[in-house]
Every structure is written in structure tokens, then in C-alpha cells.
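*Asks:*
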Amino acid sequence: MSNSRKTTRILNNMKSYASKPANVITVIFFIILLATVCFPLLSLVRDAFTVHFGEIRDVGKPLGSFTLYHWHTLLFDTLYDYSILTFWRPLLNSFSMAVISCIVAVGFGGAVAWFITRSDIPGKKFLSTIFVFPYIMPSWSIAMFWENFFKNTQIVACYNQMGMLESITGICVPEWVLYGFFPCAMCLGIHYAPFAYLLIGGILRNMDANLEEAATVLKASRFKILRRITLPIVTPALISTVLLVFSSSISSYTVPAFLNKNGSFSTISTTMRSLFNTAAMQGQGFVVAIVLLIFSVVILTLNNKMTGKRKSFTTISGKSGQVSLVKLGKARKPITAVIMIISVFFAIVPLVSFALESLLEVPGDYSTISLYYWLTTDTLEDRVFGSSQGILRNPTIWSALGRSLLVSFAVALISGTFGILIGYACARKRGSKLARWVSNMAFFPYLIPAMSFGAVYLSVSFLPAFSFLRSSVLLLIIVGGIKFLPFASRSGANAMMQVSGEIEEAAFVIGVPWWKRMARILFPIQKASFISGYLLPFISCMRELSLFVLLAAPGSIITVVLQDFEVNGLTQISNGINFLIIMIVLLVQFITNKLTGASIDKGIGG
Amino acid sequence: MPEIVLEHVTKCFGKFVAVDDLNLTIEDRDFITLLGPSGCGKTTTLRMIAGLETPTKGRITIGDTVVFDSEEGIDISPAKRDIGFLFQNYALWPHMTVYDNIAFGLENLKWPKDKIESRVREMLGMLRIEQFEKRYPSELSGGQQQRVAIARTLAPSPKVLFMDEPLSNLDAKLRLEMRSELKRLHVDTDSTFVYVTHDQMEAMALATKICLMNKGILQQYDPPLTVYDRPANLFVADFVGNPTMNFFPVKASRKDSRSFAFHMLGRDLVFTGEKDIAEEASDAVIGVRPEFITLGEGAFSGVVYTTLPSGMETTVRIRAGEDFVTAVIFGSVDFSHSLEMPFGIKGNSILLFDKASGKMLSMGTVSEA
Ligand SMILES: Nc1ncnc2c1ncn2[C@@H]1O[C@H](COP(=O)(O)OP(=O)(O)O)[C@@H](O)[C@H]1O
Ligand SMILES: [Mg+2]
Chain A
31 MSNSRKTTRI LNNMKSYASK PANVITVIFF IILLATVCFP LLSLVRDAFT
81 VHFGEIRDVG KPLGSFTLYH WHTLLFDTLY DYSILTFWRP LLNSFSMAVI
131 SCIVAVGFGG AVAWFITRSD IPGKKFLSTI FVFPYIMPSW SIAMFWENFF
181 KNTQIVACYN QMGMLESITG ICVPEWVLYG FFPCAMCLGI HYAPFAYLLI
231 GGILRNMDAN LEEAATVLKA SRFKILRRIT LPIVTPALIS TVLLVFSSSI
281 SSYTVPAFLN KNGSFSTIST TMRSLFNTAA MQGQGFVVAI VLLIFSVVIL
331 TLNNKMTGKR KSFTTISGKS GQVSLVKLGK ARKPITAVIM IISVFFAIVP
381 LVSFALESLL EVPGDYSTIS LYYWLTTDTL EDRVFGSSQG ILRNPTIWSA
431 LGRSLLVSFA VALISGTFGI LIGYACARKR GSKLARWVSN MAFFPYLIPA
481 MSFGAVYLSV SFLPAFSFLR SSVLLLIIVG GIKFLPFASR SGANAMMQVS
531 GEIEEAAFVI GVPWWKRMAR ILFPIQKASF ISGYLLPFIS CMRELSLFVL
581 LAAPGSIITV VLQDFEVNGL TQISNGINFL IIMIVLLVQF ITNKLTGASI
631 DKGIGG
Chain B
40 MPEIVLEHVT KCFGKFVAVD DLNLTIEDRD FITLLGPSGC GKTTTLRMIA
90 GLETPTKGRI TIGDTVVFDS EEGIDISPAK RDIGFLFQNY ALWPHMTVYD
140 NIAFGLENLK WPKDKIESRV REMLGMLRIE QFEKRYPSEL SGGQQQRVAI
190 ARTLAPSPKV LFMDEPLSNL DAKLRLEMRS ELKRLHVDTD STFVYVTHDQ
240 MEAMALATKI CLMNKGILQQ YDPPLTVYDR PANLFVADFV GNPTMNFFPV
290 KASRKDSRSF AFHMLGRDLV FTGEKDIAEE ASDAVIGVRP EFITLGEGAF
340 SGVVYTTLPS GMETTVRIRA GEDFVTAVIF GSVDFSHSLE MPFGIKGNSI
390 LLFDKASGKM LSMGTVSEA
């Protein structure tokens, strides 16, 4: 009797739990994320401890058995300094590269954010539009531009081609400016500066201006306000920015891959790539992936620790929007000039340089401008996978571009929609443990370096049950959809938090079904934010290489094709493709912005 | 000493004029309230005086110093105006403890440590928040945060204190309590207070003088009772007072130098001003405060429409033909609906307005023709 009553009660409880869409969504995504984030991670860990096909001979154990060989070899093998050369030195390189790029990105991006939100610098709209260009471009664009700009006839590694600087001024920079540590760190810093700008600018914009005014009235100097009020308040965001930029830079693959033509500068991710490409060393590749992962986890933990609760606060101010802007006075002109020149230099000039480079039949010789590399039907290079005809006539490029668009579109659809749903569930079930788990898991892919994330799924595709995924477009879509989920879910959650529950409840009490409430009420209210949640994954995916480089078949997507042309010395074509990608991305972003008001800063800055 | 003078102060946001040609003199130790509906430019005015907003035109003087003059290009920073500012949302610094929040302003004045400490203790005691000294703002309730904000503002003893709707985020009970504390503080601190509110009861209760604004234009600047008894125009008459004044639009014809005849509530009546009325008023509005309507006897007849008892007094709405009349009577009564109710108009505080300009023409009495 009492037993059946108990069953009924449990059944009823479950029924009422399931009748709330937010609950159902939370549970479903808990399961999805468990499968797509946690399970692959476990598989990755397993792979770092087992024997793979190509390693049977070296390890001397049967396929699939447990081994510490990979760890031992990679970390402690002293023969010919193996572990120093393949692991410790690249790790140190990556680490110092990340530190420098962090300083550049946060210093420059943060300064621009401050000037735009807090000073009377002119041309704010123009500046904030072009300043984010380097972030919209593929991450190697700046690297490629750097090479186009600085390469010169004195350096062998760039095939003694003449670059922009030399052809304009005759100056030949030394090799360390063109390849290796310095350019890698700088290019990453410049690439992530807009990201820092968006994050810090978002906080500054949302920060209650009264907090600074209160200090002004109490006779604090401008500098003191910055030091004692503004900085401490943006510190949590600053720390997050630093950590995110750090974790992105340390694992960056594309930039060091482009700016290491002389082979002097190996990083942890380029090492990982070559380990994976060697059949007998895949296990070690997985070890590197795990090391990078550990970095990320440490960073996430640090982030959570340092942005602790006690001093927490909401930045949304509501009432006062008007900040009294700092008058730059005499410094106004020079500061404006410096910021403008740097921004334009890294936003507009690269575009010009890509277009130009693709038109030069002889690199560096501006008298040889022609459409040859766009239109020729000659086979330009045998080593390139697929066809190597001119860009516009090349079937491999066209089909890869089509596939890239398809993948990006699917990825945007998946992560954007998932992001909104997760944002909804988390906003409605704020404080519930499960919801917190879901939102943490949804953010976790951000912290996993792109290539490790690729490695994770690579290891999944090696499982017999999932072999159908290997090198397939479906795999790319899944990987992209999950990897780009974090920003979509964050902007979804932000948008949902801003819509009070009562607005939805007003529709709920008159019996409007859930999907209709979403489609007719919540979505229209926060349209711009939600569409930004679709836009950002699309853009990121369109220009992504590191994530896919381990997974994609040769010639399958446009960025892989680009890299293939680049490493085989056909820089005209790789520049042309890069130009195409950037144009497509800019066009999509521009049209979306005009039609819906969505923009990437809404997606990141919140 | 710090008399505040505003001359022709104007503030435009683009084309929109938020404050229009404002002239105002605030005497030393006044408690001024800036009153008006939301969006009428109160906050903007306050922020301009404090120096947080730059006026488009005009001149502002605090004491002997010109702090702003658009023509001479003077614009002194808020830090040098010797003022205190209490923000509507308190603007407590989230990363500082209560103690640090209060001490910050004193540090900027380069006070020695021990003096800062004793002053902060004094403020903590005065506002009864000693026990929260080590807490962060996010760990305090709204009322406690508000006290901290007041303590922070008062600590450097500013000569002039600006407050922007400081009580609007508090619940009703706490608001009443804080209201009387603010009035007390005004007496104790010897400073000039300029206080923004959209709540006319608050303005009446606190102010020595009310500055009533609408759409950026100053409507009236007088002591509370003058504003209540002799509103300058229809807007002021309507905005101040709860329940609101009864307005009866009438066609009036002049009878003699100080009286007009008109037809109202079904009767022929005469308005007699307290002195001669120079203006003509063929289209006029008669304004009667609810407390000047007598119930139970009088020349007019109507039926009870609603009765709203609130304990100490009762608001009765009466329907007289097309018109509705609001009356207030002392004590708690509950008339039944549709009860026949004769009523009258008493006293010599009835108001005559010009309908077109809204201007108040005269105060006087209404009697039967
Ligand atoms: N920074 C601004 N930009 C444009 N319009 C503003 C700005 N600040 C205030 N306003 C406008 O000026 C008017 C007066 O605002 P405010 O002084 O804040 O009103 P309130 O009396 O409610 O305090 C409002 O209509 C408001 O929309
Ligand atoms: Mg206001």
C-alpha cells in the first residue's frame, strides 16, 4: 500500500519535473555534453596510455595494451636530447610566446577599450569597427601579412622573395623579425587584441559610471580612479581575458606553423601535429594533448578562484548611461594618430596585401601584376593535393569552399541553437546544480586547445564503433558544433538573463505553449544577441584550421587547401584563398549586421 | 556662504532639450527638492550643478566661485566644487569593504590615518552601521547599503550635498524612516541639500523650497505650502496633492473687476478673487482641492461613485451628472454605492486658471450667483 503510494509520488514528481521545459532541456544537454565533451576526454586519456598500431614494435606490447611508454619517452628520454627537443623546449617556447602575446593583446586591446569607452577620442565608431578585423580574419592572416610585409631578398627561408617593406623602403629586416619567436608572439598578440578589446570594452561599457563619478566627487584624481576603482572592478574580466588569451595562444598552431619556415622555433602544437603524423608516435601526440589540457584545467580553476564570489557584483547598471569622458587635451591628436595608424595597419593593409600578393606573378615584383594565379588552367605544382589550377578555375578549391560553407553553416546552426537552449535552461534554473554542470561543461570546450580538441575526436574516430566518422564531414560538424558552443551559450545565457522571467510567465499563464513562447516572445526580444550567437560560430568555423587540421581529409575544406598551397610555396594562391575567406566572412558579418543588428561584439562582449 | 546660482542653464542632448533656460538661486542651508515627473530633467540639472554633466549654455556659481560659464569657457571639475553626491543606486564600490568605502574620500583629502579612522567610526556610529564595517556591499541589504552611501558622502563634510532619488529603492517603511533621518541630518550637518525626487509627498515633507520642473522647464520655485496652496499653473496644481485637485473647465464672463460668472455642476456660480484680476478668462478652469468639498450638505447634488477609506481619512468620489468630484473627509466611513449625496464648495482657497496658458489667475471664493 505505502509502497505503491511511494511509486505514485515518485511518478508524479517526475511528471511535474518533466513538464517544465527548462528541466527537460537541462537533462538532455547534460547527456549530450557528457557524450560529446566528457566521453571524448576519457577516450583521449585512454589513448595516452595504450599501444597503437604503429607503435607495436617500439613498445613491444600487443595492440591496445596498457603502457607508460609514451609518457616515459616523451618526458624523460635523454637519448639525443629527444625529450628536450620534442617536448620541453617546445613547451617553453609556447609558454613564453603565450606570455608575450598576452601582454600585447591585453595591453593594446585594453588600452583601446579604455580610450573608446572613457575618453573623448574621435572616430570611435570607425575605430571600433576596424579594430575587430584582425579577430574576424583567420588567425594566420596576420602571420601571412607579417610575412608578406617583412620578407626580403636577404632571407633564404622565404625563397628570397621581396616583401612590401623592402620594395617600398629597401629595408631588409633580419631573420628573427620575420620568423621565429618574436613574430609569432606579436602576431598572436595582434590577433587577440580585438578579443581583449571586446571583453574589456564590454565590461567598461556595462560598468556603472556612477562608481567612477562617486570617486570623482570625493576628489580622487583621474589616475587614482583608474588604479583604485576602475581596474579593481574590471580585474575579474581582465583576469579572464588574460587566461583565455593565454590558453588560446599557448596552443596556437597556425601562427607558428606559418612563421616557422626556417625551422628555428618549434612549439608544443607544431610538435603535436608532427607526432600525430608519424605512425609510431601517435601515443606521444596524445600525451602532448593531455599536457595542454592540464594547462587549460589549471587555467579554468585559477579563473574560478581569482574571480571569487565575495566581492562580486552585477555590472548591469540600468539607470545612468552617461559617463563623463576624459578629455585627452593636448595628447588627443598623437594618441588618436597612433591608435588609428596601428589599427588601420593591421586591419586594412593585410587585405590589400593578400589581394596584391595573389596578383603578383613574381613575388615582390610589382610590375608583374596579372590575374594569372586566379585564372590559369596550367597545373602549377604536383605536390599539392587535388588540382592546382588557378583559384577561380580550380575544382578542388571550389568544392572545398562549398564544403567549408556547409560545415560552418551546420556548425552555426547547431551551436547557436544549443547555445540559446542552454542559455535558457541555465537562466531559468539559476542555482540548480545540474544547470551549473551543464553551463560549465558547455564552456569547457573553449578551454581545450583547438588542436587537442581535434585530437580528442581523432581518438574517438579510431574506436571501431565510430570508424565511420573518420575524415568525414559529419565529424567536422560535430567537432565544430561543440567547440564553438561556449560563446553561443554564453551570449544565450546573457540574453536570457536580461529578459525577466515574468515576461515569459505572462505568456505562460494564458496558456501559450513553450515553443511559441520561445519563438514569439523571447527570441524577438533578444534577436540581436541570439543571432550573434549564430554569427560567431559561423565566422570562427569558416576560418578555423587548428581544430580541423588533424581530422579533415586533404582537400576537404578551404583552410586545409590553403595550408597545402602555402607549405608548397604557392603563396599567390594561398594569399588569394585567404582573401576570399576574409571577404566571405566580412560580407556575412556585414549583411547579418545590417539585417538583424547582430554583431560579434554582442556575442563576446555581452 | 555657498549660495548656488544657476543662470540661463540649458542642456541639449543632440536636438532634444533636456533642461531649458533654468534660473535658480539656492540659499545657504536650504533643503531644496527638485520635483517633477520622470524624464523632466531633474537628474540632468543635479548633475550639471555637481559638474558631472556639462551644460550646453549658461552659468553656474557656487558661493563666490563661478564653476561653469559657457561664454567664458569655465568648467571646474566636480572634485574642486566641494560637494557631496549621493547616487540613486548608491554606487558603492563592490571591491571595497564598508570601512574602505567611507575612508576613500578622506584619503583623497590626505587626512592622517588616525583622523580618518576616528571620522569613519563617527560616521559608522551616526548611521548605526558599526557592525558591518568589514563587510562588502554585496553582503548588505538595500537599506544598509544606503546608509553606507550616506556615510561615504557625508564623511568629508561637504558644504553642499546632492542626492538623486536616494530613497526610491527602499521599501515604504524604511523610506519613511530614512526620510526623517535625512531631515535630521540636514539640521545636524549645517549643509545645503539639493534633493531629487519624483515623489511629491517626499518633496513636501523634506524641502524648505520645492523646484518643480516639467519637460525641462521650471514651473514653480517656492516653499512647499505655497506650491500646494498657490500653484503657479495647472501642471503644478495637478502634480502636487494627493488625491489630486478637482478641475472644472468653464465658460466665464466678467462680472466686475474681481469676479467672474459661469455655469458649473448644473448651477450658476460666481468666482470672487481676493484682489482685482487683470487678465480676461473666457475659457477658464476652476480648481478645487478635495478638502474644500463638503459632503452631506450644499448646493450641488450627486451620487456616491466609490469610497476609498484609508484609515485616517476617506476619499470619496461623487458623480454629478457628467462630472466626477473627489472629496476627502476625516475618519473612516464607507458610503454605499449610488447613495444620494449633496455636496458643497467651501473656503477662500479656490483657484481660477486660464485654460489656454494654464496660468493661475487668482485665489478666491465660489458662491451662488
Ligand atoms: N545622455 C543622454 N543622452 C540623451 N538623452 C538623455 C541623456 N540623459 C538624459 N537624457 C534625456 O533627458 C531627459 C531628462 O533626463 P533626466 O534628467 O535623467 O530625467 P529625470 O527627471 O527623470 O531625472 C530625459 O528625457 C532623458 O531621456
Ligand atoms: Mg533621474
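The listed protein sequences correspond, in order, to chains A and B. Residue numbers for the first sequence, in our numbering: 31 to 636. Residue numbers for the second sequence, in our numbering: 40 to 408. All C-beta atoms in this analysis are idealised placements derived from N, C-alpha and C, irrespective of residue type, glycine included.
1. Does any heavy atom of ligand 2 sit closer than 7 angstroms to the C-beta of Thr82 of chain B?
2. With burial defined as no fewer than 16 other Cβ atoms inside 10 Å of the residue's Cβ, what is the status of Gln528 of chain A: buried or exposed?
3. Should Val58 of chain B be counted as a contact of ligand 2 given a C-beta to heavy atom distance under 7 angstroms?
4. For Trp132 of chain B, decide whether its Cβ has a neighbour in chain A, counting only Cβ atoms nearer than 8 angstroms.
5. Touching or not, the stretch 286-301 of chain A and the stretch 77-89 of chain A, by the rule of three or more beta carbon pairs under 8 angstroms?
6. Who are Phe299 of chain B's beta bridge partners in DSSP?
7. Would you list, in chain order, the members of the stretch 243-255 of chain A that have their beta-carbon closer than 9 angstroms to a beta-carbon of chain B?
8. Taking Thr49 of chain B as part of the beta strand (DSSP E), name the residues at either end of that continuous run.
9. Where does Ala246 of chain B fall in DSSP's three states?
10. Between Phe299 of chain B and the rest of its own chain, which residues show a CB-CB distance below 8 angstroms, the 5 nearest in sequence each way excluded?
11. Consider the Cβ of Phe299 of chain B: report whether some Cβ of chain A lies at a distance smaller than 8 angstroms.
12. Taking Phe211 of chain A as the reference, give the member of A:Ser576, A:Lys360, A:Phe125, A:Ser586 with the closest Cα.
13. Could you check where the alpha helix (DSSP H) with Glu146 of chain B kicks off and where it finishes?
14. Mapping DSSP to helix, strand and coil, what is Lys546 of chain A?
15. If you pair each beta-carbon of the stretch 610-630 of chain A with each one of the stretch 565-574 of chain A, do three or more pairs fall below 8 angstroms?
16. Does Asp238 of chain A have its Cβ less than 8 angstroms from a Cβ in chain B?
17. Please list the partners that Leu241 of chain A has in chain B, where partner means a Cβ-to-Cβ separation under 7 angstroms.
18. Alpha carbon to alpha carbon, how far is Ser277 of chain A from Thr331 of chain A? Give it in angstroms, no decimals.
19. Quick check on DSSP: helix, strand or coil for Tyr234 of chain B?
20. I need the DSSP call for Glu318 of chain B, collapsed to helix, strand or coil.
21. What residue range is occupied by the uninterrupted alpha helix (DSSP H) comprising Thr589 of chain A?
22. Do you know offhand how far Val368 of chain A's Cα is from Lys222 of chain B's?
23. Report yes or no: do the stretch 134-151 of chain A and the stretch 228-236 of chain A share at least 3 C-beta pairs separated by less than 8 angstroms?
24. Closest Cβ-Cβ distance between Pro262 of chain A and chain B: below 8 angstroms?
25. So is Ile259 of chain A in contact with chain B if we call contact Cβ pairs under 8 angstroms?
26. Examine chain A for any beta-carbon lying closer than 8 angstroms to the beta-carbon of Leu91 of chain B, and answer yes or no.
27. Residues in its own chain within less than 7 angstroms of Ala226 of chain A by CB, not counting five upstream and five downstream?
28. So which of A:Ile555, A:Phe560, A:Ser429, A:Val468 has the shortest CA-CA distance to Ala583 of chain A?
29. Let me confirm a value: Val437 of chain A is counted as buried when at least 16 other C-beta atoms fall within 10 Å, else exposed. Which label applies?
30. Report yes if the C-beta of Glu243 of chain A is less than 7 angstroms from at least one heavy atom of ligand 4; otherwise report no.
31. Work out the CA separation of Ala361 of chain A and Val226 of chain B for me, nearest whole Å.
32. What in chain A is Cβ-close to Ala142 of chain B, meaning under 8 angstroms?
33. By DSSP's criteria, Ala366 of chain B is part of a beta bridge. Which residues make up the other side?
34. Where do the N-terminal and C-terminal ends of the alpha helix (DSSP H) with Pro270 of chain B fall, by residue?
35. I'd like to confirm something about Asp203 of chain B: is its beta-carbon nearer than 7 angstroms to some heavy atom of ligand 2, or not?
36. Whose CA, out of A:Ile611, A:Gly153, A:Asn236, lies closest to the CA of Ile263 of chain A?
*Replies:* Let me spell this out:
1. In the second sequence, the residue the question calls residue 82 of chain B occupies position 43. Yes, the beta carbon of Thr82 of chain B sits closer than 7 angstroms to at least one heavy atom of ligand 2.
2. Start at 1 with the first residue of the first sequence, and residue 528 of chain A comes out as number 498. With fewer than 16 Cβ atoms within 10 Å of its Cβ, Gln528 of chain A is classed as exposed.
3. The residue you call residue 58 of chain B lines up with position 19 of the second sequence. Checking the Cβ of Val58 of chain B against ligand 2 gives no.
4. Here residue 132 of chain B corresponds to residue number 93 of the second sequence, with the count starting at 1. Taking Cβ atoms only, chain A reaches closer than 8 angstroms to Trp132 of chain B, which makes this a yes.
5. no
6. Locating residue 299 of chain B in the second sequence gives position 260, where the first residue counts as 1. Beta-bridge pairing links Phe299 of chain B to B:Arg293, B:Phe310.
7. Glu243, Ala244, Ala245, Thr246, Val247, Leu248, Lys249, Ala250, Ser251, Lys254
8. By 1-based counting over the second sequence, the position of residue 49 of chain B is 10. Element bounds for Thr49 of chain B: 43-52.
9. Position 207 of the second sequence, counted from the start, is the residue given in the question as residue 246 of chain B. Residue state, collapsed to three classes: coil.
10. Locating residue 299 of chain B in the second sequence gives position 260, where the first residue counts as 1. Only Ala291, Ser292, Arg293, Val309, Phe310, Ile316, Ala320, Ala323, Leu391 meet the Cβ criterion.
11. Position 260 of the second sequence, counting from 1, holds the residue named residue 299 of chain B. Closer than 8 angstroms: no.
12. Taking the first residue of the first sequence as position 1, residue 211 of chain A is located at position 181. Checking every option, the nearest Cα to that of Phe211 of chain A belongs to A:Phe125.
13. As a working note, residue 146 of chain B is residue 107 in the second sequence. It spans 137-147 - the alpha helix (DSSP H) in which Glu146 of chain B sits, taken as one unbroken run.
14. Against the first sequence, residue 546 of chain A aligns to sequence position 516. Helix, per DSSP.
15. yes
16. Stepping through the first sequence from its first residue, residue 238 of chain A is reached at position 208. Closer than 8 angstroms to some Cβ of chain B, the Cβ of Asp238 of chain A qualifies, so yes.
17. Numbered from its first residue, the first sequence carries residue 241 of chain A at position 211. Within 7 angstroms Cβ-Cβ: Ala130, Trp132.
18. Working through the first sequence from its first residue, we reach residue 331 of chain A at position 301. Working through the first sequence from its first residue, we reach residue 277 of chain A at position 247. When rounded, the distance between both Cα atoms is 13 angstroms.
19. Position 195 of the second sequence, counted from the start, is the residue given in the question as residue 234 of chain B. Here Tyr234 of chain B sits in strand by DSSP.
20. Along the second sequence, read from residue 1 onward, the residue named residue 318 of chain B stands at position 279. Looking at Glu318 of chain B - three-state DSSP - the assignment turns out to be coil, as it is neither helix nor strand.
21. On the first sequence, residue 589 of chain A is found 559 positions in, with the first residue counted as 1. Its alpha helix (DSSP H) spans residues 588-597.
22. Position 338 of the first sequence, counted from the first residue, corresponds to residue 368 of chain A. Position 183 of the second sequence, counted from the first residue, corresponds to residue 222 of chain B. Each residue's Cα considered, the two are about 53 angstroms apart.
23. yes
24. Reading the first sequence from its first residue, position 232 is the one you call residue 262 of chain A. Interface residue, yes.
25. Counting from 1 along the first sequence, the entry for residue 259 of chain A is found at position 229. Answer yes: the Cβ-Cβ gap between Ile259 of chain A and chain B drops below 8 angstroms somewhere.
26. Reading the second sequence from its first residue, position 52 is the one you call residue 91 of chain B. Closer than 8 angstroms: yes.
27. By one-based count along the first sequence, residue 226 of chain A stands at place 196. The answer, listed in chain order, is Ala135, Val136, Gly139, Gly140, Thr271, Val275.
28. Here residue 583 of chain A refers to the residue found at position 553 of the first sequence. Considering only alpha carbons, the answer is A:Ser429.
29. Start at 1 with the first residue of the first sequence, and residue 437 of chain A comes out as number 407. Answer is buried; the Cβ neighbour count reaches 16.
30. Ligand 4 is not part of this structure, which contains only ligand 1 and ligand 2.
31. Taking the second sequence and counting its residues from 1, one reaches residue 226 of chain B at position 187. Taking the first sequence and counting its residues from 1, one reaches residue 361 of chain A at position 331. Distance between the alpha carbons of Val226 of chain B and Ala361 of chain A is about 46 angstroms.
32. Taking the second sequence and counting its residues from 1, one reaches residue 142 of chain B at position 103. Correct list: empty, because the minimum Cβ distance to chain A is about 10 angstroms.
33. Translated into the one-based positions of the second sequence, residue 366 of chain B becomes position 327. Looking at the DSSP assignment, Ala366 of chain B forms a beta bridge with B:Val355.
34. Here residue 270 of chain B refers to the residue found at position 231 of the second sequence. Note, Pro270 of chain B: premise wrong, no alpha helix (DSSP H); not H, not E.
35. Numbered from 1 along the second sequence, position 164 holds the residue referred to as residue 203 of chain B. It does: the Cβ of Asp203 of chain B is within 7 angstroms (strictly closer) of some heavy atom of ligand 2.
36. Translated into the one-based positions of the first sequence, residue 263 of chain A becomes position 233. The candidate whose alpha carbon is nearest that of Ile263 of chain A is A:Asn236.
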